[in-house]
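I have placed the structure first, in the form of structure tokens, so that the comments after it can refer back to it.
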Amino acid sequence: MAAITQPEEISETAPSKSDVGGVPARHGFKYQDHIAAKHFIEMLTNVLCVRMECETADDILVVWQNESQILNEYIQVKTTENDSRKWSIKELTDRSNKNTPSSVAEASLLCDKYEAKAMFRVVTLRAVNRSLLPLTIPFSERTDICGVDKLAEVILKKRKTTRSENGNNLEYWVQNAFWDVTGDKASVEAKNLIALSEVCDRYGAIPDHAQLKDLYAKILNWVDEAAEASRRTSPSKKIISRVAAEQWVKGQTATVIATRSQFLKPYRYATPNFFTVLTTFSEEDIKRSMSSYDVEFELKRWRSRKLADYLVQWIPEISLKASEIVSADQFSWDEKFSSAITQITKDTSLDYLTIMSETLLHAIIRNFFDSEPIACKIFSGSTEGIRHFGNAHIVHGKCGDELWLGRSSVVAAREFSEICDQIVEDLKKLLHPDIFLKEKDIIISLREPQHLLPTNLEDAFDRGVPFDRLLSHICIPILIGYDSSVLKDGFSDSYKEALIREVKEGYDELKGMLPSEVDEHSVKVHLIAVPIECAATLFKQFETKLRSLCK
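No gaps in the numbering here: position 102 of the sequence shown is 95 in this note's numbering, and each next residue is one more.
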């Protein structure tokens, strides 16, 4: 791990004339590293924790400081996985050497030799038996009847003469000790990862699993290096201050944010809905389907102006690349939005009616078909006077992914049936093999796979692969926005039923008019119908709104 910049800080506990008993003995104590990592992460969330040390006065030392007091918390980590017994008073007080204060409790107490008030923690994988349960109660929850005082008397009788350099005995140790049963290494790591994720969130970073694991590995490496450092020659390396930890995590989360933006999936976020579904049905045998959508009335007035405003909000998604969207933040989004409006309105090949029509199709496919768009497809231009598909989306369906190549027509002062002839003529031209091949090249050049979900169409998008492999996955959505005779009559309680009849009649008419090229290429066709009260009014409102946002 790269060296961490932190203030030169030598505590009274870190230096030593010898490394005996600490550093050499800890090789392979990886469980202890995870416990140290736990306290490292906790230090980032608690301003009272000013530093931690590894393998100095104890396995881990955590220093707490408020306005009036400094506390040293001495932490012993015990790993006896092969022992299935619960910890008992006997095991806690039995000496490994009868002639020295070498029991677990005594060794912990003897750390109390510095000026700061001492507190103690014993970390174990194994649980404790009934006699030691009072030690597992957090200090804030202990009462006169919780059993700590009685336990202190019992343990003191076991080793009456043992005292720390500050004159405290085992009764003091019990009253200031906490027993922390943490579970195995995997359990500790899982909890640490959750806590680290929450820390990252505070710094505005949302790391993916791999990034989170990488951050955690760096923390493990840091505490491991601190534990391995010599108390004799490198005492400052054994100390990790809160200041240094915060400095480090700020840098790391900034990197996460920068890196994540390179792979963010901007089209996976929930999108604002506006329409309600009128009809949806499919004729799988002939590869035809239909859905229709209602803008609805509000206070018995058709929501024309609100629809125009809603469509304008989608302009950035159809005119900006995915990489441009994910690079925007709360400070730059207004600028990005303005740039998107300017870009699409300044394109001389696009008129406002085309922009509105294609935006309407885009919004519906995004909202109702779990799609990811090929951004900027609206700018793909034309070939020999034939305008290309203005929409391209990868739709993630239950039976596999599909490429939806869509065209949209919103025509004023014309009813559904009157638009069909124009749609059929356009479709006949668009299904020409040369146009299809051009479409593939355009999509390949516009796609940013790093910002899209994985798709089973990946091989078909290869430039060297015949178009036929993609053809079987193509669906052509055709949106028709038309002046509805039902909506012209205004609101009625039964208007929805009348609309459903109207769009079904239109579907039956168009279905029989589709050019032979549709069946020749065996592509799916999905008709999307949007009844409009007055397309001319809607267009005027959309144009006015869009122009008002142009700089």
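By construction, the Cβ of each residue, glycine as well, lies at the ideal position given by its N, Cα and C atoms.
Supposed close pair residue i, residue j - CB separation, criterion 8 Å
{"i": "asparagine 161", "j": "methionine 112", "result": "Not quite, the Cβ-Cβ distance comes to about 11 Å (not below 8 Å), so this is no contact."}
{"i": "valine 389", "j": "aspartate 363", "result": "A small correction: the amino acid at residue 389 is histidine; valine does not occupy that position in the sequence shown. Indeed they touch by this definition, with Cβ atoms about 5 Å apart."}
{"i": "histidine 27", "j": "lysine 178", "result": "6 Å"}
{"i": "asparagine 384", "j": "histidine 425", "result": "Not really, about 18 Å apart at Cβ, beyond 8 Å."}
{"i": "leucine 450", "j": "leucine 396", "result": "6 Å"}
{"i": "histidine 514", "j": "leucine 464", "result": "6 Å"}
{"i": "alanine 198", "j": "threonine 246", "result": "4 Å"}
{"i": "valine 141", "j": "valine 174", "result": "Incorrect: roughly 17 Å between the Cβ atoms, too far for contact."}
{"i": "isoleucine 473", "j": "alanine 522", "result": "6 Å"}
{"i": "phenylalanine 581", "j": "glycine 399", "result": "The structure shown does not extend to residue 581, since the chain is modelled only from -6 through 544, so no value can be given for it."}
{"i": "valine 319", "j": "histidine 444", "result": "7 Å"}
{"i": "leucine 125", "j": "threonine 72", "result": "About 18 Å; that fails the 8 Å criterion."}
From the options, residue whose alpha carbon lies closest to that of residue i
{"i": "phenylalanine 274", "options": "Tyr500, Leu542 and Ser515", "result": "Tyr500"}
{"i": "valine 270", "options": "Lys489, Val55, Leu102 and Lys206", "result": "Lys489"}
{"i": "phenylalanine 460", "options": "Val516, Ile232 and Glu277", "result": "Val516"}
{"i": "histidine 466", "options": "Ile525, Ala453 and Asp476", "result": "Ala453"}
{"i": "tyrosine 67", "options": "Ser61, Thr73 and Val55", "result": "Val55"}
{"i": "aspartate 414", "options": "Gln443, Pro508, Ser124 and Leu126", "result": "Pro508"}
{"i": "leucine 64", "options": "Cys104, Val70, Glu84 and Leu85", "result": "Cys104"}
{"i": "lysine 533", "options": "Val305, Gly244 and Arg261", "result": "Val305"}
{"i": "glutamate 239", "options": "Glu495, Ala50, Tyr196 and Ala219", "result": "Tyr196"}
{"i": "serine 438", "options": "Leu450, Pro447 and Asp455", "result": "Asp455"}
{"i": "glutamate 48", "options": "Trp57, Lys31, Gln69 and Val40", "result": "Gln69"}
{"i": "lysine 339", "options": "Lys31, Cys543, Lys106 and Ile53", "result": "Cys543"}
{"i": "isoleucine 416", "options": "Leu445, Ile471 and Pro309", "result": "Ile471"}
{"i": "isoleucine 53", "options": "Gln443, Leu125, His202 and Ile232", "result": "Ile232"}
{"i": "glutamine 62", "options": "Cys369, Lys431, Val43 and Gly176", "result": "Val43"}
{"i": "tyrosine 286", "options": "Arg400, Pro524, Val97 and Val181", "result": "Pro524"}
{"i": "arginine 123", "options": "Phe132, Arg88, Cys139 and Ile367", "result": "Cys139"}
{"i": "asparagine 159", "options": "Lys206, Ser180, Leu118 and Lys110", "result": "Lys110"}
{"i": "aspartate 394", "options": "Asp434, Ser180 and Leu446", "result": "Leu446"}
{"i": "tryptophan 326", "options": "Ser342, Leu343 and Ile308", "result": "Ile308"}
Residue span of the alpha helix (DSSP H) that contains residue i, given as start and end
{"i": "valine 479", "result": "478 to 481"}
{"i": "cysteine 139", "result": "It is not in any alpha helix (DSSP H) - cysteine 139 carries neither H nor E in the DSSP assignment."}
{"i": "tryptophan 166", "result": "163 to 168"}
{"i": "tyrosine 345", "result": "345 to 361"}
{"i": "serine 548", "result": "Any question about residue 548 goes unanswered here, given that the chain covers just -6 to 544."}
{"i": "cysteine 193", "result": "178 to 195"}
{"i": "phenylalanine 33", "result": "23 to 36"}
{"i": "tryptophan 326", "result": "326 to 339"}
{"i": "proline 426", "result": "426 to 439"}
{"i": "glycine 399", "result": "From DSSP, glycine 399 is part of no alpha helix (DSSP H) but of the beta strand (DSSP E) over 393 to 404."}
{"i": "serine 101", "result": "97 to 102"}
{"i": "isoleucine 493", "result": "488 to 504"}
{"i": "leucine 463", "result": "461 to 464"}
{"i": "alanine 50", "result": "Counting along the chain, alanine 50 falls outside any alpha helix (DSSP H), and DSSP gives it neither H nor E."}
{"i": "isoleucine 130", "result": "No alpha helix (DSSP H) holds isoleucine 130; DSSP gives it neither H nor E."}
{"i": "isoleucine 318", "result": "315 to 319"}
{"i": "serine 509", "result": "509 to 514"}
Where the beta strand (DSSP E) through residue i begins and ends
{"i": "asparagine 384", "result": "384 to 390"}
{"i": "tryptophan 57", "result": "53 to 58"}
{"i": "phenylalanine 113", "result": "110 to 117"}
{"i": "isoleucine 521", "result": "517 to 525"}
{"i": "valine 43", "result": "42 to 47"}
{"i": "serine 545", "result": "No answer is possible for residue 545: it lies beyond the span of the chain, which begins at -6 and ends at 544."}
Residue-chain proximity (residue i, chain C), Cβ-Cβ < 7 Å
{"i": "glutamate 289", "result": "Reference to chain C is not applicable here, since this structure consists of a single protein chain."}
Any non-hydrogen atom of the ligand GTP within 6 Å of residue i CB
{"i": "alanine 29", "result": "Of the ligands one can find in the structure shown there are none, so the ligand GTP has no counterpart to examine."}
Three or more beta-carbon pairs under 8 Å between the stretch 79 to 87 and the stretch 35 to 49, yes or no?
no
If you pair each beta-carbon of the stretch 142 to 149 with each one of the stretch 103 to 119, do three or more pairs fall below 8 Å?
no
Evaluate the contact criterion for the stretch 526 to 544 versus the stretch 296 to 314: three or more CB pairs, one atom per stretch, below 8 Å.
yes
Could you check whether the stretch 351 to 363 touches the stretch 321 to 334, counting it as contact only if at least three pairs of C-beta atoms, one from each stretch, sit closer than 8 Å?
no
Would you call the stretch 307 to 327 and the stretch 254 to 263 touching, i.e. three or more CB-CB distances under 8 Å?
yes
Along the chain, which unbroken stretches of the beta strand (DSSP E) at least 3 residues long are found entirely within the stretch 61 to 91?
63 to 71
Ordered list of beta strand (DSSP E) runs contained in the stretch 196 to 228, each at least 3 residues
none
Restricting to runs no shorter than 3 residues, where is the beta strand (DSSP E) found entirely within the stretch 221 to 309?
232 to 234, 269 to 276 and 281 to 287
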